[in-house]
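Read through the structure below, which is laid out as structure tokens, and then see the notes.
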Amino acid sequence: MWCPMGWFPSPPVVIGSDPGAQGYVPRSDECGAAPMGCAQPVGGRMVDEVIQEFLLETRENLDLLDNELVCMEEVGADKDLLDGVFRSVHTIKGTCGFLELTRMERVSHVGEGLLSKLRDGQLEVSTEVVDGLLAMGDALREMLDACEQTGTDGDKDYADLVERLAALRDGGAPAAAETAGTDEVVSEGDAYGRGIALLFGEATEEPVSPAPEALSSPVESESASEAEPSPPSGTTKKADNIRVDVALLDKLMNLVGELVLARNQVLQVADGLGQDSAFAATSQRLNHITMELQEGVMKTRMQPINNIWGKFPRMVRHLASICGKNVRIEMEGQETELDRTILEAIKDPLTHIIRNSVDHGIESPEERGRLGKSPDGLLRLRAYHESGQVNMEIVDDGRGIDVRRVRDKAIENGLISAEEATRLGERELMQLVFSPGFSTAAQVTNVSGRGVGMDVVKTHIERVGGTVDIQSEPGIGTTLRIKIPLTLAIIPTLIVSSGAQRFAVPQVSLVELVSLDGPSAIGQIEHIHGAPVYRLRGNLLPLVYLNDVLGLKGQTSRQRVQEASLAGEGLTINLVVLQAYEQQFGLVVDEILDTAEIVVKPLGALLKEMSAYSGATILGDGRVALILDVLGIAHASHVLAEHRSPNRPADEDTSAGEGEVTQLLLVGCGGERRVAISLENISRLEEFDAADFEEVGRGDRVIQYRGSILPIMDLALELGLPHTPLEPHVPISVLVYQQDGHHVGIAVDEIVDVVEENLVLHRRRGGGGVLLGSAVIGGLVTDVVDMERLVAQSSTDLYQSHIAELA
Amino acid sequence: MHSSDQFCTFRVDDLYLGIAVTQVQEVLRYQEMTPVPKAPGAVHGLINLRGQIVPAIDLRTCLGLVARAEDAPSMNVVIRMEEGCCSLLVDAIGDVVDVAAESFETPPQNLNAAARGLIRGVYKLDDSLLLILDVEATLALDLVLA
Chain A
0 MWCPMGWFPS PPVVIGSDPG AQGYVPRSDE CGAAPMGCAQ PVGGRMVDEV IQEFLLETRE
60 NLDLLDNELV CMEEVGADKD LLDGVFRSVH TIKGTCGFLE LTRMERVSHV GEGLLSKLRD
120 GQLEVSTEVV DGLLAMGDAL REMLDACEQT GTDGDKDYAD LVERLAALRD GGAPAAAETA
180 GTDEVVSEGD AYGRGIALLF GEATEEPVSP APEALSSPVE SESASEAEPS PPSGTTKKAD
240 NIRVDVALLD KLMNLVGELV LARNQVLQVA DGLGQDSAFA ATSQRLNHIT MELQEGVMKT
300 RMQPINNIWG KFPRMVRHLA SICGKNVRIE MEGQETELDR TILEAIKDPL THIIRNSVDH
360 GIESPEERGR LGKSPDGLLR LRAYHESGQV NMEIVDDGRG IDVRRVRDKA IENGLISAEE
420 ATRLGERELM QLVFSPGFST AAQVTNVSGR GVGMDVVKTH IERVGGTVDI QSEPGIGTTL
480 RIKIPLTLAI IPTLIVSSGA QRFAVPQVSL VELVSLDGPS AIGQIEHIHG APVYRLRGNL
540 LPLVYLNDVL GLKGQTSRQR VQEASLAGEG LTINLVVLQA YEQQFGLVVD EILDTAEIVV
600 KPLGALLKEM SAYSGATILG DGRVALILDV LGIAHASHVL AEHRSPNRPA DEDTSAGEGE
660 VTQLLLVGCG GERRVAISLE NISRLEEFDA ADFEEVGRGD RVIQYRGSIL PIMDLALELG
720 LPHTPLEPHV PISVLVYQQD GHHVGIAVDE IVDVVEENLV LHRRRGGGGV LLGSAVIGGL
780 VTDVVDMERL VAQSSTDLYQ SHIAELA
Chain B
0 MHSSDQFCTF RVDDLYLGIA VTQVQEVLRY QEMTPVPKAP GAVHGLINLR GQIVPAIDLR
60 TCLGLVARAE DAPSMNVVIR MEEGCCSLLV DAIGDVVDVA AESFETPPQN LNAAARGLIR
120 GVYKLDDSLL LILDVEATLA LDLVLA
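Chains A and B supply the protein sequences, listed in that same order. Reminder that position 525 of the first sequence reads as 524 in numbering that gives the first Met the number 0, one-by-one numbering, no gaps. Reminder that position 88 of the second sequence reads as 87 in numbering that gives the first Met the number 0, one-by-one numbering, no gaps.
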């Protein structure tokens, strides 16, 4: 017995009165309510499978149809395009007929007729025509959904739509007889058609539509050769692909994950047995095979981003028409592949971003005309792979976002204070649009709401380990950049140890490793306002002690490091430099062990709230290790400056203001006063105990420092400001200033901050003395000290320094 | 309550406890655990259960009892839940017992406050009292104990 799924080894079932029929003839009068049109079901499961196959294929065809129609509207009556669209609808119609989905067949039949006219050039491709055909697609989708639920094509009567399409069809030529349908034979390149042709020999499908089609007998003897030559592309496309259940792929992925773990364990055993053992060779083979298998399976989960992008042209067209705008969409890199789960996760955020662009970003044609822009807005989507991540850009040439309005709105909504706002750079201000409770859209529209939801967009993207960034220029446009990791399940990591426990650090966040050795190692850690930092090639890197974050008893906790420092012990300090958003920081760990590719296992409901860990894994020796969550640790250690990133290199300043950009050290001095000193000649920031100061000469204070004698100068005293006597056992902040081989320690009240400023100096009329002038820093008038002058004029005698220079 | 119930029994300190067999996936001897720093107090660590990572909850902590001695290993009662598995750390594993529904009573008064919240009731057996553990409550409580 033949069924669309293939031949079955059961005896042919003869139904109906046609003695010549090989098998089964679908006759509407017999089939009645049976949804499949099979009077005798081959088996419940078989029926289901056919319907599933039908739903899947038709939905795909309808999606394709959407894009082809939108393309057609833009490009005009292109022969190939029209052929393609016609074939899609024709296939759908045929299949519906075979499955007795009469309403669907009726709708698609009328659409098909319309397309036939278009294809023959008897009708123009107009907006109404495209709208009508799109509506047909939607109606068919609705009926497909009904079919999925109930097995029939639903109760809705699409008479209006049929009329509309018929009117469009008949509009351009004398009313064609609806007999057009009878000439078609369902035997195009689709499986059903061919099967039926085989089945009936020369019989034709019986159009079941009740429309006044002249149809004499159920079985006509039109020869199958009347069929249109089936385009070879229709079949060959299917032959290269295979449909696989997604659950099966997930299962394969899990199994490969287990295999990776087992492979890790095997490698560990092999290591123990030595390089030459037979086992070592076999385990290497296993290693290679596993790697390739892993790659292959990961590829099966990869889908081109076009799977989501494909829906956008139609969506943009629809949105644009609602908003009364013209928007063109261009896509580059549609074949860029992403893991399935990530694709699912970013679908909604992308949709939202595009809605925002069309609704709020791109201006109306009139406004664009006034601004001298082209009347059509342009939305460009771009995707590409780079260093293990997928980069996506969404660019519009609309009105852009005015960063000043962002700032004002943020202040208005209480997100930041006015004072904080002045200290933010443009980029940081722009990122405020991602804060919850933010909005700059003037009106609520029902397309994208009030333009809110950018915080939701950010959350969704971050949930899959991605980042999103926004840049805009008022009047020019807006660019959103999204970066997402390629896969989540198996990741390369660095294994570190702290407190006798091993942890995995994802390499995607890893920037570099720094090892500080020897007795001077500890000395290289400086403190600003109590927070430990390390100067890495000129940039100040905030430090986080893993032992302290997790409460472990390891050798490199902050306390332990300080103890070692005071005792003059040597301690190796391992810094893992990590990247959290725009900020880098150094994670201090006891030991750096090895790199390893691990399978990420979720922590489970009980522990998923823990911000320090993003999962767990099983290491080569079978023990469990926690995976550190870099962002979580950064947040918990307050390393992510909300507003300031002390990590910015000095040349990133975008505004070309007057004055130069200098790094200044802001210190508190003489009580309330603030004074700024150029960071240039300051080699160290130290904290001393006044009890360690010794007196020499005529009351000069010095301290033994790193093998040399460091004279101490009291800044307040030197500047003639009120100064408090230095008390023992209270830590005193001292700046170690160096010049021409001389060092001097400058005692201040407190170290406030390091700032980067366009230094605009206002010089005093009477000459500044030791002051270079005053400048507005952080909103306050601050004196800028000329350290050279100060030191030169000071009565403090300087010693020739033996202090070793730091590299 | 059904006419006859089966319970998986075990001992924690001097308490004799039971959980319905349908909730128990398996029982294991001592398993090496990886501690989770900063986790809620009752989470003793994570176990590798045939490739699956399962948290181990120390029942002594949940029930407000004194901690186990250093050299006394714990046994694992692995509970099956919707979202995955979880292991309860106990001192010793007992038999699977059948109890008659009629012998079910409310918990006795001489339990400490923490334990009383986690015991659904008791079955009076010939020579002992079987306390029935409320698994959901035990795991919910755990999240609060930070």
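We put the CB at the ideal spot given by N, CA and C, even for glycine. As the structure is a computational prediction, the values presented were derived from the model and not from experiment.
Residue i - partner residues in DSSP beta bridges
i, result
"A:Thr594", "A:Leu493"
"A:Lys482", "A:Asn390, A:Thr466"
"B:Tyr15", "B:Arg10"
"B:Gly83", "B:Met80"
"A:Leu665", "A:Ala675, A:Asp752"
"A:Pro710", "A:Val701"
"A:Ser508", "Answer is none; A:Ser508 lacks a bridge partner."
"A:Gly744", "A:Ile711, A:Val735"
CB contact flag (residue i, residue j, <8 Å)
i, j, result
"A:Ala499", "A:Leu570", "no"
"A:Thr90", "A:Asn66", "no"
"A:Ala690", "A:Pro727", "yes"
"A:Val402", "A:Ile361", "no"
"B:Leu129", "B:Val96", "yes"
"A:Val587", "A:Leu542", "yes"
"A:Phe437", "A:Lys457", "no"
"A:Leu164", "A:Met142", "no"
"A:Val733", "A:Ala746", "yes"
"A:Val735", "A:Leu709", "yes"
"A:Ala503", "B:Ile52", "no"
"B:Leu88", "B:Asn75", "yes"
Interface flag, residue i vs chain A, CB-CB below 8 Å
i, result
"B:Ile18", "no"
"B:Pro107", "no"
"B:Ile92", "no"
"B:Val26", "no"
"B:Val143", "At B:Val143, the pLDDT of 46 sits below 50, so the modelled position is not reliable and the matter cannot be decided from this model."
"B:Leu45", "yes"
"B:Leu58", "no"
"B:Cys61", "no"
"B:Cys85", "yes"
"B:Val42", "yes"
"B:Ile52", "yes"
"B:Glu135", "no"
"B:Glu31", "yes"
"B:Leu88", "no"
"B:Val76", "no"
"B:Lys37", "yes"
"B:Leu138", "yes"
Neighbour flag for residue i against chain B, beta carbons, 8 Å
i, result
"A:Glu257", "yes"
"A:Gly323", "no"
"A:Gln267", "no"
"A:Lys250", "no"
"A:Gly83", "no"
"A:Gly621", "yes"
"A:Ile475", "no"
"A:Gln500", "yes"
Residue i CB to nearest heavy atom of the ligand FAD below 7 Å
i, result
"A:Asp375", "Annotation note on the ligand FAD: not contained in the displayed structure, which lists no ligands."
Are three or more beta carbon pairs between the region 624-637 of chain A and the region 695-703 of chain A nearer than 8 Å?
no
Three-pair Cβ contact test at 8 Å for the region 63-83 of chain A versus the region 94-109 of chain A
no
Every unbroken alpha helix (DSSP H) within the region 596-646 of chain A, with a cutoff of 4 residues, ordered by chain
629-635
How about the region 590-610 of chain A and the region 491-505 of chain A: do they share at least three Cβ pairs that are nearer than 8 Å?
yes
Could you tell me whether the region 609-619 of chain A touches the region 33-47 of chain B, where touching means 3 or more Cβ pairs closer than 8 Å?
yes
Per the contact definition of three or more C-beta pairs closer than 8 Å, is the region 468-477 of chain A in contact with the region 389-404 of chain A?
yes
Specify whether the region 566-586 of chain A and the region 501-518 of chain A touch according to this definition: at least 3 beta carbon pairs, one from each stretch, less than 8 Å apart.
yes
Secondary structure, alpha helix (DSSP H): runs of 4+ residues fully inside the region 78-126 of chain A:
78-97, 101-118
Any contact between the region 92-107 of chain B and the region 50-67 of chain B? By contact I mean 3 or more CB pairs, one from each, below 8 Å.
no
Which ranges does the beta strand (DSSP E) cover as unbroken runs of at least 3 residues, wholly within the region 281-311 of chain A, from first to last along the chain?
301-303
Taking 8 Å as the cut-off, does the region 278-285 of chain A touch the region 258-267 of chain A (at least 3 CB pairs, one atom from each stretch)?
Taking 8 Å as the limit for Cβ pairs, the verdict is that the region 278-285 of chain A does touch the region 258-267 of chain A.
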